[in-house]
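Below is one structure, written out as structure tokens, with a few remarks after it.
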Amino acid sequence: MAVSAKKLGLDELKDKAKAIRRHIIDITTEAASGHPSSSLSATEVVTALFFGGFMKLDPKNPTAKERDRFVLSKGHAVPVLYAAMAEAGFFSVKDIMSLRKLGSVYEGHPNMARLPGIEASTGSLGQGLSFGLGQALGVRMDKIDSHVYVMTGDGEMGEGQVWEAIAAAEKYKTSNLTLIIDQNGYQQTGSTKEVLDLTAFGPKVEAFGWHVQTINGNDMGEVVKALEAARKITDRPTCIVSQTKKGFGILPVLEKEKDLNYHGKPLSKKLAEEALALLS
Amino acid sequence: MAGAAAGGTTLGEKAGLKMGQATRDAFGDALRDLGDEFPEIVTVDGDVGNSTRTEVFAKKYPNRAVNVGIAESNMVSVAGGLASTGKTAVTASFACFLMNNAFDQIRMSVAFPKLNVKLVGSHAGISIGEDGPSQMGIEDVSLACSLPNVVVMVPSDAASTKAAVRAMIEHKGPTYLRLGRPKVPMIYGDSCKDFKIGKSITVRDGGDVTIIANGLMVSAALDAAKDLEDAGIQARVIDMHTVKPIDRDAIVKAAKETGAIVVAEEHLHHGGLGSVVAQVVSETHPVRMAYVDVGDCYAESGDPDGLLQKYGLTAENIVKAVKSLKK
Ligand SMILES: Cc1ncc(C[n+]2csc(CCOP(=O)(O)OP(=O)(O)O)c2C)c(N)n1
Ligand SMILES: [Mg+2]
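Going down the list, the protein sequences come from chains E and S.
If you use this note's numbering, the first sequence corresponds to residues 1 to 280, in order.
If you use this note's numbering, the second sequence corresponds to residues 1001 to 1327, in order.
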């Protein structure tokens, strides 16, 4: 089956990430609501998945059986997913400017019932890894060579269900399942240190029997390397602890606003201009 | 569109109601104000205290506030444990994450052992707007009402919310309080002295038809009553702020005196206020009924006013429902 886009080299991937970041700013500022900072921390990983040759995808046939899947369990970061899918040709960049508007299929959180190519309806945190595990088991039963990537937030890891899924995935040795924890250090009401400190994700998940890598998730080179290494593991599920910064790419703007979490807040038109200037 | 521009809705304009606080804001203020009088109050949060407004209490009483992170099941059972040590445990999240995500914990750690846990669900209904259906609590009243021992309250405005918060703290046993995100019109002005758990409030008298509503649909009902008056129909409007225990007397009286009942609520069709009222009506004094609610579907992202229009939660639809019964 067609791979969605040609496999981009490192510099091209970095440019693609920049374009995706600009879309994130554009669409959330236009919507005047949404979660840009949560989307920006995850941009390298999502960009690498869609354009680094890691996912078998056909934008013209989004439900092809042999496709690989990306489940955005931290569904509030859906702007990064819409932006990547638009760049990949599932729909146009113009389409996603209708984000969050009445009638638009580009809802505030992913809705697989309305938008083909969305692999899971999320927005209630904590469920994506279990759902992805079900998908990984399903394709394996059908002897389809297909990989499932799931991204959770670090705050989201507070949900017990995620750890239930981690245990169950080890039982079934789903090597076609990769969990990426977007460890950006913040959740809704403060830093993860203050609210619920689960750091040292690596040793914790490893203790469950998973293959674990801990990387700088805003470094495209490290992201690509880690995804390549994860694909080589054939005997157990894999986890990438992706250490990132919330709002990466426009940090000077968040610093100026004295809010390094900036959770669930769109940028004003004026701040968006400053942010876009950093991404040109 | 003044209300909508201010982050609220255009509800209540026809009835001449003034826009007031969101019920979640009224809740946060009221809880803070009760902190000294009721030293056993503690809050248990799941990383959304700035949305539910428990943070207003938590800021004043940091040593009486617990935040367990994004973990609603854990949050509810922790609240149960706190209550078992004599605390009045107020635990809050979005209505959907609280009721839907932690339902068995609510059953086993709260309802079944009859513990003094005050469940508070904010962001109920579709009027939360742009965040979309995954964040909308529209099954919560049905879930809450299904549980023995739990009082279920859906206040319509800021003043009645403040009264409901006091009532819930004074009540011994589990309660569920449903709150909304947008600003809503003021039904009662500055205070709602008549508020009593299980006792509805007739906010407008009339003998031709009864509209039973709660939450922000009370404003819509008053708008509708205004239109109906112009058409020569006198509508009684009842604020059924407590869904459980339901005010049977008021319902039976309405059925007998007005002969037709429309129920309006910001909830799914099955299992909410409409179902509860219909059970009473069918048992006591059957009359024709009609319903204005979200129906049997999940909504979508959009602006609050646009959503209320699209999904039919409007005064116009209440008027239509009344006229369909009066034919
Ligand atoms: C079950 C559930 N509880 C609460 C929320 C509200 N909520 C939305 S985003 C968020 C914080 C998420 O933090 P994290 O997982 O670290 O993601 P980040 O935004 O930092 O990427 C919360 C509490 C939710 N969406 N789902
Ligand atoms: Mg985070």
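For glycine and all other residues, C-beta sits at the position ideal for the given N, C-alpha and C.
If you're wondering where the values come from, they're calculated on a predicted model, not measured in any experiment.
Under 7 Å from the C-beta of residue i: neighbouring residues of chain S
i        : result
E:LEU81  : Here the premise fails: no neighbours, minimum Cβ distance about 14 Å.
E:GLY247 : Under the 7 Å cutoff, chain S gives no residues; its nearest Cβ is about 18 Å from E:GLY247.
E:GLY160 : ALA1071, SER1073 and ASN1074
Alpha-carbon spacing of residue i relative to residue j, whole angstroms
i         : j         : result
S:PHE1027 : E:ALA230  : 48 Å
S:TYR1188 : E:GLY138  : 56 Å
E:SER39   : E:LYS258  : 19 Å
S:ALA1082 : S:ARG1064 : One detail in the question is off: residue 1082 of chain S reads as Leu in this sequence, not Ala. Roughly 11 Å separates the two Cα atoms.
E:VAL78   : S:PRO1182 : 23 Å
S:ILE1124 : S:HIS1171 : Note that residue 1124 of chain S corresponds to Ala in the displayed sequence, not to Ile. Cα-Cα distance, rounded: 23 Å.
S:VAL1165 : S:ALA1030 : 7 Å
S:VAL1141 : E:LYS56   : 43 Å
S:GLY1306 : S:ASP1293 : 15 Å
S:SER1084 : S:PHE1195 : 28 Å
S:VAL1090 : S:VAL1110 : 12 Å
E:ILE27   : E:MET97   : 5 Å
S:MET1001 : S:THR1010 : For S:MET1001, the predicted structure reports a pLDDT of 34, less than 50, and the residue's modelled location is therefore unreliable. A value from the coordinates is still provided. S:MET1001 and S:THR1010: Cα-Cα distance of roughly 6 Å.
E:THR178  : E:PHE90   : 23 Å
S:ASP1045 : S:ASP1190 : 28 Å
E:TYR186  : E:VAL241  : 15 Å
S:GLY1003 : S:MET1289 : Reliability of the predicted coordinates at S:GLY1003 is poor, the pLDDT of 41 falling under 50, and no value is obtained from them.
S:ALA1264 : E:TRP210  : 51 Å
E:THR47   : E:ALA84   : 7 Å
Ligand 1 heavy atom lying under 8 Å from the CB of residue i
i         : result
E:GLY217  : no
E:GLU164  : no
S:TYR1188 : no
S:GLU1072 : yes
E:VAL223  : no
E:GLU159  : yes
S:SER1051 : yes
E:GLN152  : Per the sequence presented here, residue 152 of chain E reads as Thr, with Gln not at that position. Yes, the beta carbon of E:THR152 sits closer than 8 Å to at least one heavy atom of ligand 1.
E:SER124  : yes
E:ALA77   : yes
E:GLN353  : The shown model of chain E, from 1 to 280, leaves out residue 353 of chain E, and the question about it has no answer.
E:SER121  : no
E:ALA42   : yes
Ligand 2 heavy atom lying under 8 Å from the CB of residue i
i        : result
E:ASN61  : no
E:GLY155 : yes
E:GLY185 : yes
E:ARG192 : For the record, residue 192 of chain E in the displayed sequence is Thr; it is not Arg. Yes; taking the cut-off as 8 Å, the Cβ of E:THR192 has a heavy atom of ligand 2 nearer than that.
E:LYS246 : yes
E:ASP182 : yes
E:SER39  : no
Where residue i meets chain E, residues with beta-carbon distance less than 7 Å
i         : result
S:SER1127 : Chain E residues near S:SER1127: none, gap ~13 Å exceeds 7 Å.
Listed by chain order, chain E residues near residue i by CB distance under 8 Å
i         : result
S:VAL1048 : GLN188 and THR189
Contact set between residue i and chain S, taken where Cβ atoms lie within less than 8 Å
i        : result
E:GLU156 : ILE1070
E:THR122 : SER1134
E:GLU66  : None at all; the shortest Cβ gap to chain S is about 29 Å.
E:GLY185 : Correct list: empty, because the minimum Cβ distance to chain S is about 14 Å.
Neighbour list for residue i in chain S, Cβ cutoff strictly below 9 Å
i        : result
E:LYS101 : GLU1130, SER1301, GLY1302, ASP1303 and GLY1306
E:VAL71  : In chain order: nothing, as chain S lies at least about 14 Å away.
E:VAL148 : Going along chain S, no residue has its Cβ under 9 Å from E:VAL148, so there is no contact; the nearest lies around 20 Å.
E:LEU196 : ASP1047, ASN1067, VAL1068, GLY1069, ILE1070 and ALA1071
E:GLY75  : SER1134
Within chain E, partners of residue i - CB distance below 9 Å
i         : result
S:LYS1310 : LEU102 and GLY103
Beta carbon proximity, residue i to chain B, threshold 9 Å
i         : result
S:SER1051 : Annotation note: the requested chain B is absent from the structure, which comprises protein chains E and S.
Task: Within 9 Å of chain E by C-beta, residues of the segment 1055 to 1089 of chain S in sequence order - done: Of all residues in the segment 1055 to 1089 of chain S, GLU1055, ASN1067, VAL1068, GLY1069, ILE1070, ALA1071, GLU1072, SER1073 and ASN1074 have a Cβ within less than 9 Å of some Cβ in chain E.
TODO: Count the C-beta pairs between the segment 1199 to 1219 of chain S and the segment 1230 to 1240 of chain S that are closer than 8 Å, then say yes if the count reaches three, no if not.
DONE: yes
- [ ] Quick one: which residues of the segment 14 to 29 of chain E get their C-beta closer than 8 Å to a C-beta of chain S? List them in chain order.
- [x] none
TODO: Mind checking the segment 1094 to 1111 of chain S against chain E and listing, in chain order, the residues whose C-beta falls within less than 8 Å of any C-beta there?
DONE: The residues in question are CYS1096, PHE1097, ASN1100 and ASN1101.
TODO: Determine, using beta-carbon pairs with one atom in the segment 1022 to 1041 of chain S and one in the segment 1053 to 1063 of chain S, whether at least three such pairs fall under 8 Å.
DONE: yes
TODO: Taking a Cβ distance cut-off of 9 Å, strictly less, list which residues of the segment 1131 to 1156 of chain S are near chain E, in chain order.
DONE: ASP1131, GLY1132, PRO1133, SER1134 and GLN1135
TODO: May I ask you to list, following chain order, the residues of the segment 29 to 54 of chain E that have a beta carbon less than 7 Å from some beta carbon of chain S?
DONE: ALA31 and SER33
TODO: Check whether the segment 1007 to 1016 of chain S touches the segment 1136 to 1156 of chain S, counting contact only when three or more Cβ pairs, one atom from each stretch, lie closer than 8 Å.
DONE: no
TODO: Indicate whether the contact test is met: 3 or more Cβ pairs, each with one atom in the segment 1250 to 1262 of chain S and one in the segment 1272 to 1281 of chain S, closer than 8 Å.
DONE: Output reads yes: the segment 1272 to 1281 of chain S touches the segment 1250 to 1262 of chain S.
Task: Cβ-based contacts, 8 Å cut-off: residues of the segment 124 to 138 of chain E near chain S - done: Answer in chain order: SER124, LEU125 and GLY126.
Task: Stretch-stretch touch, CB-based, cutoff 8 Å, three pairs: the segment 1100 to 1107 of chain S with the segment 1071 to 1085 of chain S - done: yes
- [ ] Tell me, please, whether the segment 1156 to 1168 of chain S touches the segment 1215 to 1231 of chain S by the rule of three or more beta-carbon pairs shorter than 8 Å.
- [x] yes
- [ ] With 9 Å as the C-beta to C-beta threshold (strictly closer), list the residues of the segment 106 to 121 of chain E near chain S in chain order.
- [x] Identification of residues in the segment 106 to 121 of chain E having a C-beta nearer than 9 Å to some C-beta of chain S yields TYR106, GLU107, GLY108, HIS109, PRO110, ASN111, ALA113, ARG114 and SER121, given in sequence order.
Open item on the list: Please list, in chain order, the residues of the segment 202 to 226 of chain E that have any C-beta partner in chain S closer than 8 Å.
Closed with: Residues of the segment 202 to 226 of chain E with a Cβ closer than 8 Å to any Cβ of chain S: none.
Open item on the list: Assess contact between the segment 13 to 31 of chain E and the segment 62 to 73 of chain E, defined as three or more Cβ pairs (one per stretch) separated by less than 8 Å. Is contact present?
Closed with: no
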